[in-house]
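Visitor:
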Amino acid sequence: SRGRVLPRRQDLPERALIIGRPPRDATMWVISHPWLSPIHPDVTGLQLQMLVDKLDKNRALDTDVVFYDFWSMFQKGWEVDDRTEHQQKLFSNSLRAINHLYS
116 SRGRVLPRRQ
126 DLPERALIIG
136 RPPRDATMWV
146 ISHPWLSPIH
156 PDVTGLQLQM
166 LVDKLDKNRA
176 LDTDVVFYDF
186 WSMFQKGWEV
196 DDRTEHQQKL
206 FSNSLRAINH
216 LYS
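What the sequence shown shows, in the numbering used here, is residues 116 to 218, in sequence order.
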């Protein structure tokens with residue numbers, strides 16, 4: 116992960132996603148973080164490296180679930196909003212429900 120930049124939700128491979136309820140035995144990690152740029156939360160890859168280090172330190176498993184808004188919610192493109200109408204609707208629904216993750 117060193118030096119890699121976080122992909123948007125729609126750019127993740129299917130195998131990286133859990134749609135719906137996470138497995139009962141999975142630990143859910145909900146990440147709160149600042150965006151380091153208006154167009155991307157982690158333009159240098161530093162947050163990704165810190166996140167991986169913290170998850171490793173806390174003995175997170177590959178089967179655990181991580182909610183990180185940029186990965187978990189459909190994002191606009193850097194220059195234009197290239198989300199489909201369906202992706203925009205899912206993003207809006209996620210915004211309305213996101214506080215439940217942090218409570």
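We put the beta carbon where it would ideally sit given N, CA and C, even for glycine.
Within a Cβ cutoff of 6 Å, which residues of the same chain sit near S152, ignoring the five residues on either side of it in sequence?
Guide: V158
Visitor: Name the DSSP bridge partner or partners of F182?
Guide: V145
Visitor: Considering Cα atoms alone, identify which of S147, R139, Q125, L132 is closest to Y217.
Guide: Comparing Cα positions, the closest option is S147.
Visitor: If you reduce the DSSP assignment to three classes, tell me which class R123 lands in.
Guide: coil
Visitor: If I follow the unbroken alpha helix (DSSP H) through N173, where does it start and stop?
Guide: For N173, no alpha helix (DSSP H) encloses it, and the DSSP letter there is neither H nor E.
Visitor: Could you tell me the alpha carbon to alpha carbon distance between Q190 and F182, rounded to whole angstroms?
Guide: 14 Å
Visitor: Would DSSP call S152 helix, strand or coil?
Guide: coil
Visitor: State buried or exposed for Q125, treating a residue as buried only when at least 16 other CB atoms are found within 10 Å of its CB.
Guide: exposed
Visitor: Does the distance from the C-beta atom of P128 to that of V180 stay below 7 Å?
Guide: no
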